[in-house]
Amino acid sequence: MPSPERRIPPIQAQTPSTEAHVPASAEVQTPPLDEQPPPQQFVEPVPQDEVKVSIRNLNFFYGQTHALLDVSMGIPNKAVTAIVGPSGCGKSTLLRVLNRIYGLYPGQRAEGEVLLDGQNILDRKVHLPWLRSRVGMVFQQSTPFPMSTFDNVAFGVRLYENLRKPELAARVEESLRSAALWEEVKDKLDRSALSLSGGQQQRLCVARSMAVRPEVLLLDEPASALDPISTAKLEDTIVSLKREVAIVIVTHNLQQAARVSDRTAFMFLGRLIEYGTTERVFNNPRTARAADYVTGRFG
927 MPSPERRIPP IQAQTPSTEA HVPASAEVQT PPLDEQPPPQ QFVEPVPQDE
977 VKVSIRNLNF FYGQTHALLD VSMGIPNKAV TAIVGPSGCG KSTLLRVLNR
1027 IYGLYPGQRA EGEVLLDGQN ILDRKVHLPW LRSRVGMVFQ QSTPFPMSTF
1077 DNVAFGVRLY ENLRKPELAA RVEESLRSAA LWEEVKDKLD RSALSLSGGQ
1127 QQRLCVARSM AVRPEVLLLD EPASALDPIS TAKLEDTIVS LKREVAIVIV
1177 THNLQQAARV SDRTAFMFLG RLIEYGTTER VFNNPRTARA ADYVTGRFG
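Start counting the sequence shown at 927; every next residue gets the next number (this note's numbering).
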């Protein structure tokens, strides 16, 4: 019996296409980030009277690479905000916008607004030394200067203020105490800071930042190179310091974010996906991406 003839639907008249035929088996090309549809997002607003830094429609570029896409969030005062997400999601980039350290490198630019107490710090008229005295930063690797412990802490104070020796000594002690380091170094302030342990050096960097009395402290994976004991001391320092300043910490350690932060932001592919209280984000994430990340399904 002959096989039934296959019926072919009529071809509708249309303008001939000049595009090449792409086989069904060909790999689908992913469009650039700024052309992809925005993913599901859930961002809890921070009460206006608690906001220290307001980020509005922030976009950031490394040359032609679009690294941050329309990020908007409020950072509360006297609280710890953790930024988490997989490598390359834009966490550290966001942090570096907040004190404009990216300006040290050609070809990098930010668009949008970052308001510190209502003033847009992305305005070209902003005096950068003034900004960095208000927004301190501690990096992933400790960066002690090759000088004494005392001079490390006093460095920024001497740059911005003209204090007498007794006042300077008091400021150094105050800052070392705030970083939970005073008792460990008070008898060797004149020794090189390079002789301190890794954990002590990182807390020294915190003390150096706090010595100029900033209003915001940025921490870029500050415990990634520390042992568990040093990490615990640093975390205690962070929790203590939030009584004085707004703190933003980037971390890959979800347990650390849960321990020290009041709010958590989850980023993915340059976008802010979820933001809210740490308890809510970890226990009741509203987006599928955040749920997968905090439960360890990816990252």
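Here a beta-carbon is modelled for each residue, glycine too, at the ideal position from N, C-alpha and C.
- Taking 4 residues as the minimum length, the alpha helix (DSSP H) runs contained wholly in the stretch 1027 to 1115 are 1054 to 1060, 1075 to 1086, 1091 to 1104, 1108 to 1111, in order along the chain.
- The three-state secondary structure of residue 1179, taken from DSSP, is coil.
- At the C-beta level, residue 1174 and residue 1141 stay beyond 8 Å of one another.
- Out of 1203, 1206, 1198, the CA that lies nearest to the CA of residue 1018 is found in 1198.
- Between residue 1176 and residue 1195, the C-beta gap is not smaller than 8 Å, which leaves the two residues out of contact.
- About 7 Å separates the beta carbons of residue 1188 and residue 1203, which is inside the 8 Å limit, making them a contact pair.
- Only residues of its own chain outside the window of five on either side were considered, and among them 1028 have a CB closer than 7 Å to the CB of residue 1022, listed in chain order.
- By the criterion of a C-beta distance shorter than 8 Å, residue 1162 is surrounded in its chain by 1106, once the five residues flanking it on both sides are discounted.
- Residues 1001, 1172, 1173, 1174, 1175, 1187, 1188, 1189, 1190, 1191 of the same chain have their beta carbon placed closer than 8 Å to that of residue 1007, with the five preceding and five following residues left out of the count.
- Where residue 994 is concerned, the enclosing beta strand (DSSP E) starts and stops at 991 to 1002.
- For the set 976, 970, 1005, the Cα lying nearest the Cα of residue 998 is the one of 970.
- When the five nearest sequence neighbours on each side are left out, no beta carbon in the same chain lies closer than 6 Å to the beta carbon of residue 1090.
- The continuous stretches of beta strand (DSSP E) do not include residue 1223, and DSSP gives it neither H nor E.
- Under DSSP, residue 1146 shares a beta bridge with 1176.
- Closest in C-alpha terms to residue 976, from the list 1003, 1085, 1012, 1156, comes 1003.
- The beta carbon of residue 1155 lies closer than 8 Å to those of 1125 in the same chain, with the five residues before and after it left out.
- Scanning 1128, 973, 1102 for the CA closest to the CA of residue 1064 turns up 1128.
- A straight line joining the alpha-carbon of residue 1071 with that of residue 1120 spans about 8 Å.
- In this structure, residue 1133 keeps its C-beta atom at 8 Å or more from the C-beta atom of residue 1166.
- Spanning the alpha carbons of residue 1108 and residue 1098 requires a straight line of approximately 9 Å.
- Check the Cα spacing between residue 1077 and each of 1060, 1111, 1052: the tightest is with 1111.
- DSSP links residue 1193 through a beta bridge to 1198.
- Around the Cβ of residue 1025, a 10 Å sphere holds 16 or more other Cβ atoms; the residue is buried.
- For residue 1187, the three-state secondary structure derived from DSSP is coil.
- By the CB criterion at 8 Å, residue 1040 and residue 1048 fall inside the cutoff.
- Looking only at 967, 1020, 1115, the smallest Cα-Cα distance to residue 980 is reached by 1020.
- DSSP, read as helix, strand or coil, puts residue 1169 in coil.
- By the criterion of a C-beta distance shorter than 7 Å, residue 1083 is surrounded in its chain by 1089, 1094, 1097, 1137, 1138, once the five residues flanking it on both sides are discounted.
- Assignment of residue 1209 by DSSP, reduced to helix, strand and coil, places it in the helix class.
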